[in-house]
Amino acid sequence: MANRLTRQEVPTEQTWLLDDLFTSNAEWEKALNDLTDLTPNVTQYKGRLHEGADVLKACLDAQAELQKKMILVGTYANLRSSEDGTNPENQAMSAKVSSTFAKIQSELAFFNSEVLALPDGTIEDYLQENDELKVYQNSLEDLLKDKPYTLAPETEEVLASLGEIHSAPYMIYQRSKSSDMDFGSFTTSDGTEYTNSFALYEDEYEMSADTEVRHKAYDSFVNTLKQYENTYAATYATQVKKEVALAKARGYESATQMLLQPQKVTEEMYHNQLDVIQEELAPVMRRFAKLKQEAYGLDKLHFADLKAPLDPEFNPESSYEDVSETILEALKVMGPEYTSIIERGLNERWVDYADNVGKSTGAFCASPYGVHPYILLTFTGQMRGAFTLAHELGHAGHLYLANENQHLFNTRPSTYFIEAPSTMNELLLADHLLENTDDPRKRRWIVLQLLGTYYHNFVTHLLEGEFQRRVYALAEQGDPLTASTLKQQKGETLRNFWGDDVEIDEGAELTWMRQPHYYMGLYPYTYSAGLTASTAVSQLFKEEGQPAIDRWLEVLKLGGSKTPQELMKYAGVDMTTPEPIKKAVSYVDSLVKEVEKSYQTQ
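Quick note: to get my numbering, add 7 to the position in the sequence shown (first position is 1).
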C-alpha cells in the first residue's frame with residue numbers, strides 16, 4: 008500500500024510559489040501586525056462622513072489600501088492552510104487572521120452605518136461633486152440598497168466584532184475535514200490494499216472503472232463520514248440558524264432573500280435555475296445512468312456507480328505537462344492576451360497540483376488583487392484532469408483581467424456569474440479535442456468528459472442547491488436540523504431526480520457532508536447558472552466568431568462593475584428568462600443521444 012506524501016516530501020515544482028505574496032511566514036506575520044497600525048488611517052474619518060464628498064473619497068481610498076493588504080495576508084494564510092491543514096503553524100495562522108480581521112471589521116463598521124445615516128440624496132450629490140468617487144459608485148449604491156435592512160450603528164459594530172464567531176462553522180468543518188478524518192484502507196479480492204482519503208476518493212476511486220474498487224472505496228469513505236454525521240449536522244445547523252436569525256433581525260422576508268441580495272439576482276431567476284433543470288434534465292440523466300448500468304452489467308446502479316466511466320477500457324492517461332500544452336492550444340481562440348496569462352499560470356507555479364496529507368480536497372482559484380491567481384487541485388495523471396485544470400484557469404484568466412482593468416471594489420462579479428468563465432474553458436477544451444480527432448471512440452470519450460462537466464454543475468451542484476432550498480425552508484419554520492433530517496432531505500432530493508433508476512443508500516444521503524459550499528450562502532446553484540451562460544455564449548462563438556469572442560473578453564475585463572444580468576446580456580444571453588436554461592438542457596440531451604448512438608452502432 009503506497010502511503011501519501013507529506014507536504015515536505017512533495018516535489019517543489021508541483022507546488023505553488025507563494026513568494027509573490029510573502030517570502031516567509033515571518034514576513035507575513037509582520038504584515039499581519041501592520042494591519043492594526045493601518046486601521047487608524049480609516050477610522051480617523053469616523054463621525055466625519057457628513058462633511059462632504061472629499062472626506063468620503065479619502066475614507067474610501069484608505070479602506071481600499073487597507074483591504075489590499077488584508078487580501079494578501081488573508082490569501083497567504085488560506086493557501087497555507089489549504090496546502091496542509093494538519094500543520095499546527097498553518098492552523099495558527101488561520102486563527103490569527105480570523106481574530107485580527109474580526110477586530111478590524113468591528114472598527115470599520117462605522118462606515119456603513121454613517122453612510123446609511125446620511126440624508127436621502129446625499130451620496131448622489133457627493134457623486135456629482137467629486138468625479139473620483141465614480142470608482143466607488145457601485146459599492147455605494149449597493150450599500151444604499153441595504154438601508155432598509157441595517158440595524159443601529161452600535162448593533163452593527165457588535166455584529167462585526169463577532170466575525171470570527173460567524174465564520175466558525177466553516178472553520179470547524181474545514182479543520183475537521185482536513186485534520187481529523189482518518190479513512191481506513193480497504194483491500195480488494197486480489198489482496199491489493201488501498202489507502203483512502205477525501206482527495207483520493209473524490210478524485211480517483213469514485214471514478215474507477217473497477218467496480219470492486221469503487222464499491223469498497225465507497226464503503227470505506229462512508230464509514231468514516233458516518234462517524235462525524237452528528238457533529239457535522241450540528242455545525243451546518245449552526246450556519247443555517249445564524250443566517251435565518253440574521254435575516255429575521257434585519258427585516259428580510261427570508262434568509263433566501265438576504266443571501267440572494269449580494270448576488271444581484273431575483274428569486275425568480277434562482278427558482279428558475281433549480282426548477283427547470285430538475286424537471287427537464289432528470290429524464291435525460293436517467294437515460295445516461297441506464298447506459299452505465301448496461302455497460303457494467305450491473306443488476307442495479309448504485310449511487311457509488313454514477314461517476315464510473317463509460318467505456319472504462321478507454322481512459323487516457325496524460326502527464327501534467329502534456330495536459331497543460333493541450334489546454335494552451337485549446338484556448339488560442341481567446342487571443343494572445345488571454346493565452347499569455349494562462350501560459351504564465353502554467354509555467355510560473357501558480358498551480359499546486361500534487362497530493363499530500365492534509366491538503367484541501369477539490370479545486371479552487373484564489374485571485375488576490377495586486378498579485379496573480381493561485382490554483383489548488385490534485386492531478387492524478389488522467390486526461391480528465393485537463394478539464395479541472397482548464398476550469399480553474401478560466402477563473403484565473405477572468406479574475407486576472409478583472410484585477411488589471413478594474414478598481415479593487417469593482418473586480419469581483421456576482422457568484423451567479425463567476426462560474427461562466429471557468430466552464431467556458433472546459434467547453435473550449437472539448438471543442439478543441441473534438442476538432443482534432445477522427446477516432447469514434449476518442450470522440451465518445453470527449454463527449455463523456457463534457458457530460459461529466461454538465462453532471463458536476465447541472466446535477467451534483469444543482470441538487471446541492473435544491474437541498475439547500477429545502478433546508479432553509481425547514482429552518483424558517485423552526486424545524487430542527489438534525490443528522491436524520493439532513494439525510495432525509497438529501498435522500499428525497501436525490502430520489503426525486505433519479506427515480507428508481509439509481510439506488511440511493513445511506514452513503515448517498517450523507518453527501519451533504521462532502522461540500523464546503525453549504526457554508527458559502529446560496530453558492531451551489533450558481534454553478535448551473537454559470538454553465539448555462541457559458542453554453543449559450545460558446546454557441547455564439549461558433550455562430551458569430553470573433554465578435555462574440557471580443558464581447559466575451561470585454562465581459563471578463565468588466566469584472567464586478569456590472570450586474571450578472573448586464574454582463575450576460577453584453578455577451579448576448581438573457582438570463583432573466585428560462586430559455587437559456589432550456590437550451591442548455593437540450594444540448595445535454597444531444598450529448599447523451601450521441602453516446603447512446605455510439606453504443607447502438609458498435
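Think of the CB as a built atom: it goes at the ideal place given N, C-alpha and C, for glycine as much as any other residue. As the structure is a computational prediction, the values presented were derived from the model and not from experiment.
Separation of residue j from residue i, as counted between CA atoms
i    : j    : result
Q300 : M390 : 23 Å
H405 : A337 : 16 Å
I111 : V49  : 10 Å
E260 : E513 : 34 Å
E148 : A71  : 17 Å
E573 : K152 : 18 Å
H379 : W357 : 8 Å
S421 : R11  : 37 Å
Q553 : T395 : 26 Å
E586 : E250 : 32 Å
L436 : Q270 : 28 Å
E175 : E164 : Rather than Glu, the amino acid found at residue 175 in this sequence is Ala. Between A175 and E164, the C-alpha separation is close to 18 Å.
K103 : G352 : 29 Å
N363 : Y201 : 15 Å
T314 : M520 : According to the sequence shown, residue 314 is Lys rather than Thr. Taking the straight line from one Cα to the other gives about 18 Å.
V247 : A482 : 7 Å
N94  : T242 : 22 Å
N145 : Y577 : 18 Å
L598 : A515 : 26 Å
D27  : H468 : 33 Å
L267 : D132 : 29 Å
W23  : D359 : 5 Å
L501 : I348 : 40 Å
S568 : D68  : 17 Å
T584 : Y423 : 14 Å
Local conformation of residue i per DSSP, three classes
i    : result
F321 : coil
V358 : strand
I382 : strand
H414 : coil
Y201 : strand
M8   : For M8, the predicted model reports a pLDDT of 44, less than 50, meaning its position is unreliable; a value from the coordinates is still stated below. Looking at M8 - three-state DSSP - the assignment turns out to be coil, as it is neither helix nor strand.
T489 : coil
Q51  : coil
A370 : coil
E250 : helix
Q389 : strand
T430 : helix
Among the options, the one whose alpha carbon lies nearest that of residue i
i    : options                : result
T13  : A296, K366, Q456       : K366
S317 : H379, Y327, F295       : The residue asked about is misnamed: residue 317 is Leu in this sequence, not Ser. The shortest C-alpha separation from L317 is found at F295.
I588 : Y532, R521, V62        : Y532
Y534 : N464, S593, G472       : N464
V80  : S101, V330, L308       : S101
D507 : D27, Q144, P290, D68   : P290
Q74  : H57, R55, L56, F108    : F108
V544 : K569, T518, D581, L529 : D581
L441 : E114, P487, V454       : V454
N443 : T333, A397, D362, G401 : T333
E1   : A33, G377, E499        : Residue 1 lies beyond the stretch modelled for the chain, which goes from 8 to 609, so this question has no answer here.
G401 : M341, Q456, D359       : M341
T489 : T245, E34, V592        : T245
F504 : Y462, Q522, D359       : Y462
K184 : K297, L166, E320, F205 : F205
Residues near residue i by beta carbon distance below 8 Å, same chain, minus five either side
i    : result
Q98  : S88, G92, R182, S186
M5   : Nothing about residue 5 can be read from this structure; the chain reaches only from 8 to 609.
V229 : E513, G514, L517
E324 : G388, Q389, M390
Spatial neighbours of residue i in its chain, beta-carbon cut-off 6 Å, leaving aside the 5 residues before and after
i    : result
T157 : L123
A409 : T418, G566
G579 : L547
E551 : none
A555 : L547, F548
A397 : I334, N432, E433, L436
W35  : F29, Y83
Sequence-distant residues of the same chain with beta carbon closer than 7 Å to residue i, five excluded per side
i    : result
L25  : Y83, L86
K346 : Inspection of the sequence shows that residue 346 is occupied by Thr rather than by Lys. The residues are L335, L338, K339.
M8   : With a pLDDT of only 44 at M8, under the threshold of 50, the placement of this residue in the model should not be trusted; the figure read from the coordinates follows. These residues qualify, in order along the chain: S192, E200, Y201, T202.
State whether the region 224–231 contacts the region 377–390, with contact taken as three or more CB pairs (one from each stretch) at a distance under 8 Å. no
Is the number of C-beta pairs between the region 209–217 and the region 551–567 that are closer than 8 Å three or more? no
Is the number of C-beta pairs between the region 268–285 and the region 470–484 that are closer than 8 Å three or more? Yes: the two stretches touch, three or more of their Cβ pairs being nearer than 8 Å.
Kindly confirm or deny that the region 447–457 and the region 600–609 touch, where touching means at least three C-beta pairs closer than 8 Å. yes
Pairing CB atoms from the region 116–132 with CB atoms from the region 34–54, are three or more of them under 8 Å? yes
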